[in-house]
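In this note's numbering, the protein residues as written are 248 to 401. Even glycine gets a Cβ: it sits at the ideal position worked out from N, Cα and C.
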Amino acid sequence: MREVETWVSMNIEFNKPVYLRDILNHFARRPYGWPEEEVKLLVARLARKGKFSFSQQNNNIERKQVWELFNNSRRHSELRLHKIRRHDESQIRKAAQTMAEIAQQPFSEREEPALVEHIRQVFDDWKQELNVFRAKAEGGTIQAKMRLSQVCAC
């Protein structure tokens, strides 16, 4: 599995598009000589771990929908792999500390998806509060309208 991940990552880093057909052809030849189904299984495991995502004709595809494309050999040349960018622990910790300072509430998530979801929730709450304030300000006094225009130029 490490060989497949390394090969795909290197090609993506060199800005070379990586299609399922390319992976199957590369690992079916020497020195690997792996069966096609085994390589598909390795690619599926890497996708399940969150290392890669798929697209077809520039449209992102959910993992559940990829099954049909995996089984149809005509579609192997259309199924493109993309590396999912991940951040290391120090970057995630720094983002959590920055958001804790900004939002003035604890951000204890150590996993990237959970932290992203928490940050989005905080921003959605702020947006709702701003919309409520805007509605009250527009129906209120001139001072409130002036303050609203100072806070956000939306």
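Can you name the residues that DSSP bridges to residue i?
{"i": "residue 265", "result": "328"}
Does the distance from the C-beta atom of residue i to that of residue j stay below 8 Å?
{"i": "residue 286", "j": "residue 308", "result": "no"}
{"i": "residue 396", "j": "residue 330", "result": "no"}
{"i": "residue 301", "j": "residue 326", "result": "yes"}
{"i": "residue 382", "j": "residue 369", "result": "no"}
{"i": "residue 248", "j": "residue 276", "result": "no"}
Our contact map puts residue i next to residue j with C-beta atoms below 8 Å; I'd like the distance itself, whole angstroms only.
{"i": "residue 339", "j": "residue 364", "result": "The pair is not a contact, with the Cβ atoms about 13 Å apart (cut-off 8 Å)."}
{"i": "residue 290", "j": "residue 267", "result": "7 Å"}
{"i": "residue 342", "j": "residue 362", "result": "6 Å"}
{"i": "residue 258", "j": "residue 265", "result": "5 Å"}
Take the Cβ of residue i as the centre, count every other Cβ of all protein chains shown within 10 Å, and call the residue buried at 16 or more, exposed below.
{"i": "residue 354", "result": "buried"}
{"i": "residue 251", "result": "buried"}
{"i": "residue 334", "result": "exposed"}
{"i": "residue 379", "result": "exposed"}
{"i": "residue 274", "result": "buried"}
Length-filtered (4 minimum) alpha helix (DSSP H) runs lying within the segment 290-358: If only complete runs of 4 or more residues are kept, the segment 290-358 shows the alpha helix (DSSP H) at 310-318, 336-350, in order along the chain.
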